[in-house]
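The sequence shown begins at 50 in my numbering and counts up one residue at a time.
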Amino acid sequence: MTLDLELLKTLSETPGVPSREEPIREVIIGALRPLVDEIHVDAIGNAIGIRHPRGHGQKGKPMRVLVAAHMDEIGFLVRHVDTKGFIRLHPVGGFDARNLVAQRVDVHTRDGERLHGLLMPQGKPIHLMRGEEPKAPKVDDLFVDLGLSAEEVAAKVEVGDMVTLSRQFAHVGAHVSGKALDDRACVFVILEALRALGDHHVEIVAVATVQEEVGLRGAQAIAHDWHPDIAIALDVTLAVDIPGGSEEHQVSAIGKGVAIKVADGSSLSDHRLVRWSRHLAARHEIPYQLEILPAGGTDAGMLQRVHGSRPTITYSVPVRYVHTVNELASISDIQAAVHLLTRALEAAHEFAAK
């Protein structure tokens, strides 16, 4: 199966920060519609596709498998516009401010206009420091310069407008790079797995969740409403296989296959699902690696503990430079994740008998 990397490009480049996911949700629903039997959008904004069982020999009520990846990206909301037209920001999601200096951003206005701006730190340029040591920036030190007059900015921009980092999707060797691969790469994995699916004996609830980056809020709503028999979260994980890291702390490595999560800061994967997933990967010759992420979490953290702790696992795509505009993922790892999820959905009824 050939991956539709143009779709991944669109998913990466489309804006959608927590609480303002409308543009990316529209793209996802358009891609999801031909792959499922029903589509719903709930009150918080999750996009939900229902795919009924396919094939013969069904008896009784089918088990329900929920797969989820979050659609939101880290970004900002406009917090203040000063009298000179410079914009101050409220972060929605976690940033390392060192990666933000001198980046380009887009301010998305209430009228649908996209204003290009520069994200810069307050203070003196290095030419005027006269021997002073530059300080590490903080997010509160940053402002957006739109290159417009104060009057133009005041007329166009208001508190709460969405601000996203601006970066084009690109191919880098055998990899792809761009913004928001966390977690648009895994939304893409779900879409491609649904496209590749053969017969399956389970009901599939495929969800692109909202507001994961600010506390797994969309996943909490989904877990309350849908009560799956099995839940599979999909998210990126850290690939710290770079200079300055160590083999012990790399978490995962680019090009070594899909990561089957054992544990992270929000969840402990069901050990039976881990064993079953490894068996599937081995049976179908899918490259995989085992992963423990010491801090941070995924939608699995909420899916696992609402309504009776359903068996839950996370499949991860290793990504370098997470939470920057240059996130980097291997095409072969994305393919492995698609392959494993496809086989898991086709065989999920087998797990029920374990």
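Just so you know, even glycine gets a beta-carbon here, dropped at the ideal spot from N, CA and C.
Inter-residue CB distance, residue i and residue j (contact presumed, cutoff 8 Å)
| i | j | result |
| --- | --- | --- |
| Ala96 | Val256 | 7 Å |
| Val251 | His398 | 6 Å |
| Ile253 | Arg128 | Contact flag wrong, Cβ pair sits at about 40 Å. |
| Leu60 | Ile383 | Their Cβ separation, rounded to whole angstroms, is 12 Å, which puts Leu60 and Ile383 out of contact at 8 Å. |
| Val307 | Ala386 | 4 Å |
| Leu322 | Ile362 | 4 Å |
| His249 | Pro360 | Contact doesn't hold; Cβ gap of about 17 Å is too wide. |
| Leu339 | Ile291 | Contact flag wrong, Cβ pair sits at about 20 Å. |
| Gly209 | Leu126 | 6 Å |
| Val374 | Leu191 | Between Leu191 and Val374 the Cβ distance is about 14 Å, and since that is not below 8 Å, they are no contact. |
C-alpha distance - residue i paired with residue j, whole-angstrom precision
| i | j | result |
| --- | --- | --- |
| Gly207 | Arg74 | A small correction: the amino acid at residue 207 is Glu; Gly does not occupy that position in the sequence shown. When rounded, the distance between both Cα atoms is 23 Å. |
| Ser318 | Pro111 | 23 Å |
| Leu320 | Val311 | Note that residue 320 corresponds to His in the displayed sequence, not to Leu. Spanning the two alpha carbons is a distance of roughly 8 Å. |
| His388 | Pro336 | 10 Å |
| Ala282 | Leu54 | 21 Å |
| Val289 | Glu200 | 46 Å |
| Gly104 | Leu246 | 11 Å |
| Pro83 | Leu56 | 14 Å |
| Ala234 | Val285 | 8 Å |
| Leu115 | His333 | 22 Å |
| Ser316 | Lys133 | 46 Å |
| Pro72 | Ala349 | 25 Å |
| Val85 | Gly65 | 23 Å |
| Thr347 | Val130 | 34 Å |
| Glu241 | Val76 | 14 Å |
| Glu376 | Gly109 | 45 Å |
| Val90 | Phe400 | 29 Å |
| Gly142 | Asn148 | 14 Å |
| Gln353 | Asp313 | 13 Å |
| Lys184 | Val236 | 38 Å |
| Gln152 | Arg216 | 9 Å |
| Ala146 | Ser381 | 31 Å |
| Val154 | Ser295 | 33 Å |
| Tyr370 | Val355 | 31 Å |
| Arg392 | Leu243 | 11 Å |
| Gly304 | Pro67 | 30 Å |
| His224 | Gln269 | 33 Å |
| Ala396 | Asp232 | 25 Å |
| Thr158 | Leu265 | 26 Å |
| Ala117 | Asp160 | 31 Å |
| Leu394 | Ile78 | 20 Å |
| Lys58 | Val156 | 20 Å |
| Ala219 | Pro186 | 28 Å |
| Ala280 | Gln171 | 45 Å |
Per-residue DSSP class, three states only, for residue i
| i | result |
| --- | --- |
| Gly227 | strand |
| Asp53 | coil |
| Ile253 | strand |
| Leu390 | helix |
| Pro170 | strand |
| Ala118 | strand |
| Gly98 | strand |
| Ser215 | coil |
| Ser315 | coil |
| Leu177 | Because Leu177 sits at a pLDDT of 48, beneath the cut-off of 50, its placement in the model cannot be relied upon, and the point is left open. |
| Gln269 | helix |
| Phe237 | helix |
| Val76 | helix |
| Pro83 | helix |
| Ser379 | strand |
| Lys310 | strand |
| His372 | coil |
| His89 | strand |
| Ala242 | helix |
| Leu197 | coil |
| Val188 | helix |
| Thr286 | strand |
| Ala302 | coil |
| Val208 | coil |
| Val259 | coil |
| His129 | strand |
| His398 | helix |
Residue i CB to nearest heavy atom of the ligand NAP below 6 Å
| i | result |
| --- | --- |
| Trp325 | By its list of ligands, the structure shown contains no ligand whatsoever, and the ligand NAP lies outside what it can speak to. |
Min CB distance residue i to chain D below 7 Å
| i | result |
| --- | --- |
| Pro367 | Checking the listed chains, one finds no chain D in this structure; it contains a single protein chain. |
Between the stretch 84 to 100 and the stretch 256 to 272, are three or more C-beta pairs nearer than 8 Å? yes
Three or more beta-carbon pairs under 8 Å between the stretch 275 to 288 and the stretch 135 to 154, yes or no? no
If you pair each beta-carbon of the stretch 343 to 353 with each one of the stretch 189 to 205, do three or more pairs fall below 8 Å? no
Give a yes or no on contact between the stretch 158 to 173 and the stretch 220 to 229, applying the rule of three or more CB pairs nearer than 8 Å. no
Is it a yes or a no for the stretch 289 to 309 touching the stretch 114 to 129, going by three-plus beta-carbon pairs under 8 Å? no
Under 8 Å: do the stretch 366 to 373 and the stretch 325 to 336 share three or more Cβ pairs, one atom per stretch? no
As an exercise, report each continuous beta strand (DSSP E) stretch of at least 3 residues that is fully enclosed by the stretch 314 to 366, in chain order. 337 to 341
Which runs of the beta strand (DSSP E) at least 3 residues long sit entirely within the stretch 135 to 165? Give them in chain order. 136 to 141 and 152 to 157
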